[in-house]
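Heads up, the thing below is written out as structure tokens.
2 protein chains.
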Amino acid sequence: MKPYVIGVDLGGTNTVFGVVDATGNIIQEGSIKTGKYKSAAEFVNAGVECINKIVEPIGGIDNIQGIGIGAPNANYYSGTIEFAPNIPWAHNGIVPLAEMFIRELGIPVRMTNDANAAAMGEKLYGVAKGMKNFIMLTLGTGVGAGIIVNGELVYGHDGFAGELGHICMDRSEDARVCGCGLRGCLETYCSATGVARTAREFLQKTTRPSLLRNKPADKIESLDVFLAAQKGDEIAKEIFDFTGTILGWACADFTAFSSPEAFVFFGGLCKSGDLIMKPIEEAYKKNVMPLFRNKAKFVISSLMDKNAAVLGASALGWV
Amino acid sequence: MKPYVIGVDLGGTNTVFGVVDATGNIIQEGSIKTGKYKSAAEFVNAGVECINKIVEPIGGIDNIQGIGIGAPNANYYSGTIEFAPNIPWAHNGIVPLAEMFIRELGIPVRMTNDANAAAMGEKLYGVAKGMKNFIMLTLGTGVGAGIIVNGELVYGHDGFAGELGHICMDRSEDARVCGCGLRGCLETYCSATGVARTAREFLQKTTRPSLLRNKPADKIESLDVFLAAQKGDEIAKEIFDFTGTILGWACADFTAFSSPEAFVFFGGLCKSGDLIMKPIEEAYKKNVMPLFRNKAKFVISSLMDKNAAVLGASALGWV
Numbered sequence: 384m385k386p387y388v389i390g391v392d393l394g395g396t397n398t399v400f401g402v403v404d405a406t407g408n409i410i411q412e413g414s415i416k417t418g419k420y421k422s423a424a425e426f427v428n429a430g431v432e433c434i435n436k437i438v439e440p441i442g443g444i445d446n447i448q449g450i451g452i453g454a455p456n457a458n459y460y461s462g463t464i465e466f467a468p469n470i471p472w473a474h475n476g477i478v479p480l481a482e483m484f485i486r487e488l489g490i491p492v493r494m495t496n497d498a499n500a501a502a503m504g505e506k507l508y509g510v511a512k513g514m515k516n517f518i519m520l521t522l523g524t525g526v527g528a529g530i531i532v533n534g535e536l537v538y539g540h541d542g543f544a545g546e547l548g549h550i551c552m553d554r555s556e557d558a559r560v561c562g563c564g565l566r567g568c569l570e571t572y573c574s575a576t577g578v579a580r581t582a583r584e585f586l587q588k589t590t591r592p593s594l595l596r597n598k599p600a601d602k603i604e605s606l607d608v609f610l611a612a613q614k615g616d617e618i619a620k621e622i623f624d625f626t627g628t629i630l631g632w633a634c635a636d637f638t639a640f641s642s643p644e645a646f647v648f649f650g651g652l653c654k655s656g657d658l659i660m661k662p663i664e665e666a667y668k669k670n671v672m673p674l675f676r677n678k679a680k681f682v683i684s685s686l687m688d689k690n691a692a693v694l695g696a697s698a699l700g701w702v
Numbered sequence: 384m385k386p387y388v389i390g391v392d393l394g395g396t397n398t399v400f401g402v403v404d405a406t407g408n409i410i411q412e413g414s415i416k417t418g419k420y421k422s423a424a425e426f427v428n429a430g431v432e433c434i435n436k437i438v439e440p441i442g443g444i445d446n447i448q449g450i451g452i453g454a455p456n457a458n459y460y461s462g463t464i465e466f467a468p469n470i471p472w473a474h475n476g477i478v479p480l481a482e483m484f485i486r487e488l489g490i491p492v493r494m495t496n497d498a499n500a501a502a503m504g505e506k507l508y509g510v511a512k513g514m515k516n517f518i519m520l521t522l523g524t525g526v527g528a529g530i531i532v533n534g535e536l537v538y539g540h541d542g543f544a545g546e547l548g549h550i551c552m553d554r555s556e557d558a559r560v561c562g563c564g565l566r567g568c569l570e571t572y573c574s575a576t577g578v579a580r581t582a583r584e585f586l587q588k589t590t591r592p593s594l595l596r597n598k599p600a601d602k603i604e605s606l607d608v609f610l611a612a613q614k615g616d617e618i619a620k621e622i623f624d625f626t627g628t629i630l631g632w633a634c635a636d637f638t639a640f641s642s643p644e645a646f647v648f649f650g651g652l653c654k655s656g657d658l659i660m661k662p663i664e665e666a667y668k669k670n671v672m673p674l675f676r677n678k679a680k681f682v683i684s685s686l687m688d689k690n691a692a693v694l695g696a697s698a699l700g701w702v
């Protein structure tokens, strides 16, 4: 076994490469702009250049056991990125990214989706350390999930399991339209984007005063809702209650599925703390099957300020 | 390794014991009445007597590797039956049934819930042979589930995972009340009891003629709905469409969770064939995330006339 692995957090904006040691310290880091490249080949070339730079201080690529990549729409089984809407060189096709890095670097490369990588990070180095059954929910632009069952990530038959942002929370005709093509998806309510959407809806429904009215409605972001709620703004607090309630309902159904020891929340929205966590837990308690009541823990990621995605992805490098 | 195991299907009415060989043949069988006994101890005594009888022809208990029991409200981790509403000697407490049989027989005894046992049966001997990811749905008095992920049953942190009959399909105020204490549970719509409930509701809502009106409303069973639908009764067919649609919605959400290779359906309702399967598949297709479309298979158990529960439970005996 070689002493280091590389973890890669491939996001819509940046791709961060980190050299990680056996105890989970990121000891070298570099990054490139994901969208700057026209083709996957150009992206891989830039990535390899960045990797070669960060492995220099630790004695070169020969000291790297393997590479783990966390990326949107990544398939663990095939090592491909498939139709990723926010990546220009992968939005309309299937890119065999793992294979391309293997060809250039000659070491094992494994890939999984970003939420799965974050779940691995929590399991190895974060609040879910040692847990064999938990569900990680990433509340960002979308809602992602990494599900751990019997100590392992759930990939499903096709490698795409854990799309919990797309379970249906509203089957009425006027349910929100989701980017995936369905209606009423959890993501349309409980992502940062969903919270902003709720804000616009709530402001339109009433003429009550709100700090949120100080900004043009189409410019409101979830952070504005947080700041307003902190100042006691009633409508902002109602937006959090609404969002948290839907998340609590969803978690109650997830428990019926895999009865996790904990739900781990990750992403900007969680920085709102009790504003979002209290309504989640209240709705959960009311809606979970009595058999499961008071069992699951609700915790916020401990790796949000560290690079959970790089750490999590790096775990795949040891395999 | 000894040549035989015993599988036990502990149901509300009968408990069936079967001696099973290594290729999955039930070569001896016996049964007792589950509810006839006042205490768990009396039940275990009668069970041991029955076991001793059926192992006689194969050379006695020394030729049995272990016993697997499938039972309602059974906990795999603790080997207990907990608050099982339909079992008089286990309805208001925790019965350490596995331990009690071990004490009497001196061989390993493992227990799991009945739907999990059925899933194991399908995996080893039925339509899910060789599948590493599938979901078994048992449509009986209730709706049970056995979930296989990465080749293993999902037990969750507390041993009670897979309660898919209790995910919420209707969050409106007038959603159906479930025996579990919640409202809108899948089970209240898609169990045999749920189908009968739908029949009563549909008949009351309209004055349209129906064969189902030939029976007092409170005596209608799911079988009556099947027989009427077979004869072309419109309301009966609408009842199946309604039931199947809700099941299809649920399966679409289950796919977002574990992306199974197949859904395996078991229980009396499946004998209605296309009447129930077609609306399931149609609703599924419309409601599953496009990423998963046309992937999962929908199949009916191949072990319904054999004893799937005994076979499935017996698998635990080899461990």
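Read top to bottom, the protein sequences are chains A and B.
For the first sequence, counting from 1, position 256 maps to 639 in the working numbering; every step adds exactly one.
For the second sequence, counting from 1, position 120 maps to 503 in the working numbering; every step adds exactly one.
Ideal placement from N, C-alpha and C gives every residue a C-beta, glycine not left out.
Endpoints, the alpha helix (DSSP H) within which residue 638 of chain B is located: Locating residue 638 of chain B in the second sequence gives position 255, counting from the first residue. That run of the alpha helix (DSSP H) goes 617 to 641.
Beta carbon proximity, residue 544 of chain B to chain A, threshold 7 Å: The residue you call residue 544 of chain B lines up with position 161 of the second sequence. For residue 544 of chain B, the answer is yes, since a Cβ of chain A falls inside 7 Å of its Cβ.
Determine the chain A residues that contact residue 549 of chain B at a beta-carbon separation under 7 Å, and present them in chain order. Residue numbering aside, residue 549 of chain B sits at position 166 when the second sequence is read from its first letter. Result: 639, 672.
Which residues, in order along the stretch 496 to 517 of chain B, keep a beta-carbon less than 7 Å from a beta-carbon of chain A? 516
Per the contact definition of three or more C-beta pairs closer than 8 Å, is the stretch 556 to 569 of chain A in contact with the stretch 678 to 695 of chain A? no
Please list the partners that residue 658 of chain A has in chain B, where partner means a Cβ-to-Cβ separation under 8 Å. For this step, residue 658 of chain A is matched to residue 275 along the first sequence. Within 8 Å Cβ-Cβ: nothing; residue 658 of chain A doesn't reach chain B, min ~23 Å.
Could you round the C-beta distance between residue 618 of chain A and residue 586 of chain A to whole angstroms and report it? I think they count as a contact, below 8 Å. Taking the first residue of the first sequence as 1, we reach residue 618 of chain A at position 235. Taking the first residue of the first sequence as 1, we reach residue 586 of chain A at position 203. Their Cβ separation, rounded to whole angstroms, is 7 Å, which keeps residue 618 of chain A and residue 586 of chain A in contact under 8 Å.
Exposure label - residue 663 of chain A; buried when at least 16 CB within 10 Å: For the purposes of this step, residue 663 of chain A is taken as the residue at position 280 of the first sequence. Per the 10 Å Cβ criterion, buried.
What in chain A is Cβ-close to residue 624 of chain B, meaning under 8 Å? Along the second sequence, one-based indexing puts residue 624 of chain B at 241. The premise fails here: residue 624 of chain B is roughly 15 Å from chain A at the closest Cβ pair, so nothing lies under 8 Å.
Beta-carbon of residue 643 of chain A versus every beta-carbon of chain B: anything under 7 Å? On the first sequence, residue 643 of chain A is found 260 positions in, with the first residue counted as 1. Output row for residue 643 of chain A: interface = yes.
For the beta strand (DSSP E) that residue 508 of chain B lies in, which residues bound it at each end? By one-based count along the second sequence, residue 508 of chain B stands at place 125. Segment 497 to 508 is the alpha helix (DSSP H) holding residue 508 of chain B; no beta strand (DSSP E) there.
Taking 7 Å as the CB-CB cut-off, is residue 475 of chain B touching chain A? Against the second sequence, residue 475 of chain B aligns to sequence position 92. Residue 475 of chain B does not count as touching chain A.
Should residue 422 of chain A be labelled buried (16 or more other beta-carbon atoms within 10 Å of its own) or exposed? Numbered from 1 along the first sequence, position 39 holds the residue referred to as residue 422 of chain A. Classification for residue 422 of chain A: exposed.
May I ask you to check if the CB of residue 638 of chain A is nearer than 6 Å to at least one heavy atom of the ligand ATP? Looking for the ligand ATP in the displayed structure turns up nothing, as the structure carries no ligands at all.
Tell me which residues share the same chain as residue 429 of chain A and place their Cβ nearer than 7 Å to its Cβ, disregarding the 5 neighbours each side in the sequence. Counting from 1 along the first sequence, the entry for residue 429 of chain A is found at position 46. Here the set comprises 415, 420.
Pop quiz: residue 639 of chain B and residue 672 of chain B are said to be a contact at Cβ under 8 Å. What is the actual Cβ separation, rounded to whole angstroms? On the second sequence, residue 639 of chain B is found 256 positions in, with the first residue counted as 1. On the second sequence, residue 672 of chain B is found 289 positions in, with the first residue counted as 1. Yes, they are in contact, since the Cβ atoms of residue 639 of chain B and residue 672 of chain B sit about 6 Å apart, within 8 Å.
Output the boundary residues of the alpha helix (DSSP H) element that contains residue 519 of chain B. Position 136 of the second sequence holds residue 519 of chain B. From DSSP, residue 519 of chain B is part of no alpha helix (DSSP H) but of the beta strand (DSSP E) over 517 to 522.
Does the beta-carbon distance from residue 692 of chain A to residue 528 of chain A come in below 7 Å? The residue you call residue 692 of chain A lines up with position 309 of the first sequence. The residue you call residue 528 of chain A lines up with position 145 of the first sequence. Not in contact: residue 692 of chain A and residue 528 of chain A (Cβ atoms no closer than 7 Å).
So for residue 601 of chain A, helix, strand or coil by DSSP? Here the question's residue 601 of chain A lines up with position 218 in the first sequence. Three-state result, residue 601 of chain A: helix.
Given 8 Å, three or more beta-carbon pairs between the stretch 479 to 486 of chain A and the stretch 456 to 466 of chain A: yes
Anything in chain A within Cβ reach of residue 668 of chain B, meaning under 7 Å, just list it in chain order. For the purposes of this step, residue 668 of chain B is identified with residue 285 of the second sequence, where counting begins at 1. In chain order: nothing, as chain A lies at least about 12 Å away.
Go to residue 667 of chain A, then tell me how far its beta strand (DSSP E) extends in each direction, as first and last residue. One-based indexing of the first sequence puts residue 667 of chain A at position 284. That residue, residue 667 of chain A, is in no beta strand (DSSP E); its alpha helix (DSSP H) goes 657 to 670.
Which residue wins for smallest C-alpha separation from residue 469 of chain A, given the options A/394, A/669, A/620? Indexing the first sequence from 1 puts residue 469 of chain A at position 86. Nearest option by C-alpha distance: A/394.
Simplified DSSP state of residue 395 of chain B, which is helix, strand or coil: Here residue 395 of chain B is taken as the residue at index 12 of the second sequence, counted from 1. It is coil, neither helix nor strand.
For the stretch 563 to 579 of chain B, enumerate the residues whose C-beta is nearer than 7 Å to any C-beta of chain A, in chain order. 563, 564, 565
In terms of residues, what are the limits of the beta strand (DSSP E) holding residue 532 of chain B? The residue labelled residue 532 of chain B in the question sits at position 149 within the second sequence. It spans 526 to 532 - the beta strand (DSSP E) in which residue 532 of chain B sits, taken as one unbroken run.
What did DSSP end up calling residue 382 of chain B once you bin it into helix, strand or coil? Here chain B comprises residues numbered 384 to 702, so residue 382 of chain B is not present and cannot be evaluated.
Any Cβ of chain A within less than 7 Å of the Cβ of residue 535 of chain B? What you label residue 535 of chain B is simply residue 152 of the second sequence in a count that begins at 1. Closer than 7 Å to some Cβ of chain A, the Cβ of residue 535 of chain B qualifies, so yes.
Suppose you measure from the CA of residue 553 of chain A to the CA of residue 568 of chain B; what does that come to, to the nearest Å? As a position in the first sequence, residue 553 of chain A is number 170, starting the count at 1. As a position in the second sequence, residue 568 of chain B is number 185, starting the count at 1. Whole-angstrom Cα-Cα distance: 15 Å.
Looking only at DSSP bridge pairs, what is residue 647 of chain A linked to? Residue mapping note: residue 647 of chain A aligns to position 264 of the first sequence, counting from 1. DSSP output for residue 647 of chain A lists A/519, A/682 as bridge partner(s).
Residues that residue 493 of chain A contacts on chain B, provided the C-beta gap is smaller than 9 Å: Taking the first residue of the first sequence as position 1, residue 493 of chain A is located at position 110. Here the premise fails: no neighbours, minimum Cβ distance about 16 Å.
In angstroms with no decimal places, state the Cα-to-Cα distance between residue 695 of chain B and residue 649 of chain B. Along the second sequence, one-based indexing puts residue 695 of chain B at 312. Along the second sequence, one-based indexing puts residue 649 of chain B at 266. Going from the Cα of residue 695 of chain B to the Cα of residue 649 of chain B covers about 13 Å.
Taking beta-carbon pairs under 9 Å, can you tell me which members of the stretch 608 to 632 of chain A lie near chain B? 632
So, are the CB atoms of residue 391 of chain A and residue 403 of chain A less than 7 Å apart? Here residue 391 of chain A corresponds to residue number 8 of the first sequence, with the count starting at 1. Here residue 403 of chain A corresponds to residue number 20 of the first sequence, with the count starting at 1. Their beta carbons are not under 7 Å apart, which means residue 391 of chain A does not touch residue 403 of chain A by this criterion.
Any contact of the stretch 673 to 680 of chain B with the stretch 534 to 546 of chain A, i.e. 3+ C-beta pairs under 8 Å? yes
May I have the straight-line CA-CA distance separating residue 444 of chain B from residue 698 of chain A, to the nearest angstrom? Counting from one through the second sequence, the residue named residue 444 of chain B turns up at place 61. Counting from one through the first sequence, the residue named residue 698 of chain A turns up at place 315. If I take the Cα positions, the gap works out to 47 Å.
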